[in-house]
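Quick notes on the structure that follows.
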Amino acid sequence: MLCCPPALSALRLVGGLIALAGVSSTARAGSIELVASRPLDFGAVVVFGSGTKQVTPDGVVSANGLASVPGTREGPGEFVLRYRPDGRTRAALVLVSITTVPSQTVAGSTGSLSGLATDLPGGPGLVVGEVRPLRLPPCAESVCETSFRVGGTLTVTGGTRQAAFSFPLQVTARLVSEF
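Dropping the structure here:
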């Protein structure tokens, strides 16, 4: 009987596991859908010089150096992630990333967005373009949903008229694996 050296046997074992992992990932039939419910809204503001306004993922709004116009919508961007498992109770790993325009000019005022924050697991801070893993718990239904919110800080300069700032957030989600 021929026997392989232990190192060669370990390489064959690892190669076999990689091949098995490849087979299981191509066999998945689950899907995800991402729906944007609301943009990140800072409402209407009036600024003389410069100022900042922060909207947190849980909806807390604070302002410094500018006046908020009452009655305008302020709030975090909201998203719903729908997961359709492949028919069995499955957990899933999804990669989520966010992009947006860095600034807008409205009525002579320029607003720049920074300090994105989210209530996704993995920490509150979020960098535009960063990929954040999201583990979805086992889903026994035909469709399971989870939602998350995104806040940020608006820095406004220039202008003396009312300007409303709303930043569209482009969020992508990719199903990586089911387990």
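When we follow this note's numbering, the leftmost residue of the sequence shown carries the number -10, and every step to the right adds one. In this text, a Cβ means the ideal position worked out from N, Cα and C, and glycines have one as well. Fair warning: this is a prediction, and the values are worked out from it, not measured in the lab.
Quickly, what does DSSP pair GLY40 with across the bridge? List them, please. VAL145
Under a Cβ-count criterion, where at least 16 other Cβ atoms within 10 Å of its own Cβ denotes burial, should SER20 be classed as buried or exposed? exposed
Unbroken stretches of the alpha helix (DSSP H), 4 residues or longer, contained in the segment 72 to 158: none
In angstroms, rounded to a whole number, what distance separates the CA positions of LYS42 and SER101? 10 Å
I need the DSSP call for ASP30, collapsed to helix, strand or coil. strand
Ends of the beta strand (DSSP E) at GLY54? 50 to 57
Whose C-beta lies closer than 6 Å to the C-beta of PHE168 among residues of the same chain, with five residues either side of it excluded? ALA80
Using C-beta distances below 6 Å, list every residue in its chain close to ARG138, excluding the 5 sequence neighbours before and after it, in chain order. PRO46, PRO65, GLU67 and ASP108
Local Cβ density within 10 Å of GLU134, reported as buried at 16 or more and exposed below that: exposed
In this structure, does DSSP put GLY60 in helix, strand or coil? coil
How many angstroms separate the CA atom of VAL36 from the CA atom of PHE156? 18 Å
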